[in-house]
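In the working numbering, the protein residues as written are 11 to 131.
Printed below as a string of structure tokens:
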């Protein structure tokens with residue numbers, strides 16, 4: 011293969027990878043939005059984060075400034091939503107103690123003792 015042929019082949023490979031980044035980002039966003047809508051925030055959060063990584067890589071190789079800006083603007087929207095979900099997940103997964111029976115006495119030191127268990131997320 012001559013020099014021009016190998017250059018063309020490498021450009022085709024780069025274009026295929028570039029397209030793959032975009033397609034993978036879109037697929038992750040679709041899945042994240044679906045889980046988000048269903049209230050499955052613990053599943054939606056990592057999907058949004060994966061999409062952001064792919065969008066970032068896609069934007070890195072995009073030569074058209076307008077397209078790159080549009081992609082980054084949309085990625086920032088997904089980042090904001092992921093941050094909102096992270097806050098919800100962090101606040102709902104704090105250790106909580108709850109009575110396991112009708113006894114509502116104060117929680118013993120260290121959270122140990124009869125009638126108490128660690129709350130779940």
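Beta carbons are placed, not taken as given, at the ideal position from N, Cα and C, and that holds for glycine. Note that the structure is predicted; figures quoted are calculated from it, not measured.
Limits of the unbroken alpha helix (DSSP H) element including residue i
{"i": "residue 80", "result": "75-102"}
{"i": "residue 69", "result": "51-71"}
C-beta contact flag for residue i and residue j at 8 Å
{"i": "residue 19", "j": "residue 42", "result": "no"}
{"i": "residue 64", "j": "residue 38", "result": "yes"}
{"i": "residue 55", "j": "residue 89", "result": "no"}
{"i": "residue 78", "j": "residue 72", "result": "yes"}
{"i": "residue 59", "j": "residue 80", "result": "no"}
{"i": "residue 35", "j": "residue 61", "result": "yes"}
Counted within 10 angstroms of its Cβ, other Cβ atoms place residue i as buried (16 or more) or exposed
{"i": "residue 107", "result": "Unreliable placement is indicated for residue 107, whose pLDDT of 48 sits below 50; the coordinate value is still reported in the next sentence. Residue 107 should be labelled exposed."}
{"i": "residue 95", "result": "buried"}
{"i": "residue 85", "result": "buried"}
{"i": "residue 45", "result": "buried"}
{"i": "residue 48", "result": "exposed"}
Residue-chain proximity (residue i, chain C), Cβ-Cβ < 8 Å
{"i": "residue 50", "result": "Among the chains in the structure shown there is no chain C, since it carries only a single protein chain."}
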